[in-house]
Amino acid sequence: MKFNNKFYKDGNFILSLFLILILLTDLLNTDFFGMTFTFSTLNIIIWTLLIIASFLRSILKKVSK
Numbered sequence: 034m035k036f037n038n039k040f041y042k043d044g045n046f047i048l049s050l051f052l053i054l055i056l057l058t059d060l061l062n063t064d065f066f067g068m069t070f071t072f073s074t075l076n077i078i079i080w081t082l083l084i085i086a087s088f089l090r091s092i093l094k095k096v097s098k
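The opening residue of the sequence shown carries number 34 in the working numbering; numbering runs sequentially from there.
This is how it looks when you write it as structure tokens:
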């Protein structure tokens, strides 16, 4: 995929930002005050939302054509 304006217009840029956020929370996952459970739960929630969002986005692209 080329880095042109279309890349920023559709949701791929936002999805990649979310993936970076997930990686950062994984790096922060070093048991700060016993908060490891909340970080891993947050990761699971974000991953499921990302999967649902990308699935819906592909359906909407097919319908709009």
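Glycine is no exception: its CB is placed at the ideal position from the N, C-alpha and C atoms. Please read these numbers as outputs of a predicted model, since none were measured by experiment.
Rounded straight-line distance, which links the Cα of residue 51 to that of residue 91: 18 Å
Return the Cβ separation of residue 87 and residue 54 in integer angstroms, given the expectation that the two are a contact with Cβ distance under 8 Å. That pair is no contact at about 15 Å.
Near residue 95, which residues of its chain fall below 8 Å by C-beta distance, leaving aside the five closest residues on each side in sequence? none
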